[in-house]
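**Q** The following block contains the structure, expressed as structure tokens.
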Amino acid sequence: ILIPPTMINSVVVSDDEVADEPEQEEISILKGDNVTLDCASLGNPKPEIFWTKVVYLDEKLNEQLADKDAVLELYNIESTSTYSCYVNNTAGATQKLFHIVVQSPPRFKTIEYDPKPAVSLHHSLDLNCELVGVPEAEVQWTKDDVVVAGQKGLFLASNGHVLRISSARDSDGGQYKCVGRNLHGQVSREFLVIIEVPVSWSPWGDWSACSATCGKGTQFRSRICL
Numbered sequence: 105i106l107i108p109p110t111m112i113n114s115v116v117v118s119d120d121e122v123a124d125e126p127e128q129e130e131i132s133i134l135k136g137d138n139v140t141l142d143c144a145s146l147g148n149p150k151p152e153i154f155w156t157k158v159v160y161l162d163e164k165l166n167e168q169l170a171d172k173d174a175v176l177e178l179y180n181i182e183s184t185s186t187y188s189c190y191v192n193n194t195a196g197a198t199q200k201l202f203h204i205v206v207q208s209p210p211r212f213k214t215i216e217y218d219p220k221p222a223v224s225l226h227h228s229l230d231l232n233c234e235l236v237g238v239p240e241a242e243v244q245w246t247k248d249d250v251v252v253a254g255q256k257g258l259f260l261a262s263n264g265h266v267l268r269i270s271s272a273r274d275s276d277g278g279q280y281k282c283v284g285r286n287l288h289g290q291v292s293r294e295f296l297v298i299i300e301v302p303v304s305w306s307p308w309g310d311w312s313a314c315s316a317t318c319g320k321g322t323q324f325r326s327r328i329c330l
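As structure tokens, then:
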């Protein structure tokens, strides 16, 4: 009796479900981890197994692996990748895709930054906390240990990774901190924001009385630096 191949660990679908697409499994790991892919199958005659490393951007670069075993061992994985297990016999064929997603703790896109940024009164300033990591990190901002949430003149951009001080006021100066977190860790960065108030002068005061009632005399007026 001819029996087409079926994966032992396959997800069973009903007759009214579309099963034209290959079964897919996503495996999340950390960089450097090892992975075992299981493609055990049943069928008569005994199915042949073909493993391929898939390159979606250019299928010409797909790599056919020499391994014909049902179990594929992968070691020290450095990057996200996809492997295809194709199983066939004279009665039919089936396929399964394994998507290996390499996850990582958050880290800053740029290491160098200004920990004491200054901005002139009524100007804008962006505080940058852009991160990379998988899954994407959630970012929380605080000002003087109070969570930033809807305060006047403070706006979040780039999915919360950038805090903009718009039209800076004197009260916007202080200690800002961003904390980025995902499942694998967290990082933080602090900024001591300085508001620069331009030097200005008061109006001139009234002239003083003349130092002499007759002949040469002097008088003065003054103003102060604000």
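If you count the sequence shown from 1, position 98 lands on 202 in our numbering, and the numbers rise without skipping.
Beta carbons are placed, not taken as given, at the ideal position from N, Cα and C, and that holds for glycine.
In this text, all values refer to a predicted model and were calculated from it rather than measured experimentally.
Return the CA-CA distance between Leu231 and Glu177, expressed in angstroms with no decimal places.
**A** Residue mapping note: residue 231 aligns to position 127 of the sequence shown, counting from 1. Residue mapping note: residue 177 aligns to position 73 of the sequence shown, counting from 1. Rounded to whole angstroms, Leu231 to Glu177 spans 45 Å at the Cα level.
**Q** Which residues bound the beta strand (DSSP E) around Gly284?
**A** Here residue 284 corresponds to residue number 180 of the sequence shown, with the count starting at 1. Counted as a single uninterrupted DSSP element, the beta strand (DSSP E) harbouring Gly284 occupies residues 278-286.
**Q** For Lys213, name the three-state secondary structure that DSSP assigns.
**A** For the purposes of this step, residue 213 is taken as the residue at position 109 of the sequence shown. Coil, per DSSP.
**Q** Can you give the Cα-Cα distance for Pro353 and Gln279, rounded to whole angstroms?
**A** With the chain represented from 105 up to 330, any question about residue 353 goes unanswered, as that position is not in the structure.
**Q** Please report the residue range of the beta strand (DSSP E) in which Gly147 lies.
**A** The residue given as residue 147 occupies position 43 in the sequence shown. It spans 145-148 - the beta strand (DSSP E) in which Gly147 sits, taken as one unbroken run.
**Q** How long is the line joining the alpha carbons of Lys247 and Cys233, rounded to whole angstroms?
**A** On the sequence shown, position 143 is the one that residue 247 refers to. On the sequence shown, position 129 is the one that residue 233 refers to. Lys247 and Cys233: Cα-Cα distance of roughly 14 Å.
**Q** Taking the alpha carbon of Lys213 as the reference point, which residue from His265, Leu260, His203, Gly309 has its own alpha carbon closest?
**A** What you label residue 213 is simply residue 109 of the sequence shown in a count that begins at 1. For Lys213, the nearest C-alpha among the options comes from His265.
**Q** Residues in its own chain within less than 6 Å of Lys172 by CB, not counting five upstream and five downstream?
**A** Taking the first residue of the sequence shown as 1, we reach residue 172 at position 68. Ile153, listed in sequence order.
**Q** In the DSSP assignment, what are the bridge partners of Ser224?
**A** Residue mapping note: residue 224 aligns to position 120 of the sequence shown, counting from 1. Answer is Glu300.
**Q** In terms of residue numbering, what span does the beta strand (DSSP E) encompassing Ser132 cover?
**A** As a working note, residue 132 is residue 28 in the sequence shown. DSSP places Ser132 inside the beta strand (DSSP E), whose first and last residues are 127-134.
**Q** Measure from the alpha carbon of Val236 to the alpha carbon of each residue in Pro302, Pro209, Gly321, Asp162, then state which is nearest.
**A** The residue you call residue 236 lines up with position 132 of the sequence shown. Of the candidates Pro302, Pro209, Gly321, Asp162, the one whose C-alpha sits nearest the C-alpha of Val236 is Pro209.
**Q** Taking all protein chains shown into account, do 16 or more other C-beta atoms lie within 10 angstroms of the C-beta of Asp119, making it buried, or fewer, making it exposed?
**A** Here the question's residue 119 lines up with position 15 in the sequence shown. Reliability of the predicted coordinates at Asp119 is poor, the pLDDT of 40 falling under 50, and the value obtained from them is presented with this limitation in mind. Classification for Asp119: exposed.
**Q** Distance, Cα to Cα, Arg293 vs Phe324?
**A** In the sequence shown, the residue the question calls residue 293 occupies position 189. In the sequence shown, the residue the question calls residue 324 occupies position 220. For Arg293 and Phe324, the distance between alpha carbons rounds to 53 Å.
**Q** Go ahead and label Tyr187 buried or exposed: buried means 16 or more other beta carbons lie within 10 angstroms of its beta carbon, across all protein chains shown.
**A** Within the sequence shown, the letter at position 83 stands for residue 187. Result: buried.
**Q** With burial defined as no fewer than 16 other Cβ atoms inside 10 Å of the residue's Cβ, what is the status of Val251: buried or exposed?
**A** Working through the sequence shown from its first residue, we reach residue 251 at position 147. Exposed is the call here.
**Q** Checking 8 Å against the spacing of the C-beta atoms, do Val301 and Arg211 come in under that value?
**A** On the sequence shown, position 197 is the one that residue 301 refers to. On the sequence shown, position 107 is the one that residue 211 refers to. It is not a contact, given that the beta carbons lie outside the stated cut-off.
**Q** By alpha-carbon positions, which one of Asn286, Glu182, His203, Leu169 ends up nearest to Val238?
**A** On the sequence shown, residue 238 is found 134 positions in, with the first residue counted as 1. Comparing Cα-Cα distances from Val238 to each of Asn286, Glu182, His203, Leu169, the minimum goes to Asn286.
**Q** Where DSSP assigns a beta bridge to Glu242, which residues make up the other side?
**A** As a first step, residue 242 must be located in the sequence shown, where it is residue number 138. For Glu242, which the question treats as bridged, DSSP gives the partners Arg285.
**Q** Looking only at its chain, what residues have a beta carbon closer than 6 Å to the beta carbon of Lys150, apart from the 5 residues adjacent to it on each side?
**A** Mapped onto the sequence shown, residue 150 falls at position 46. So the list is empty, once near-sequence residues are dropped.
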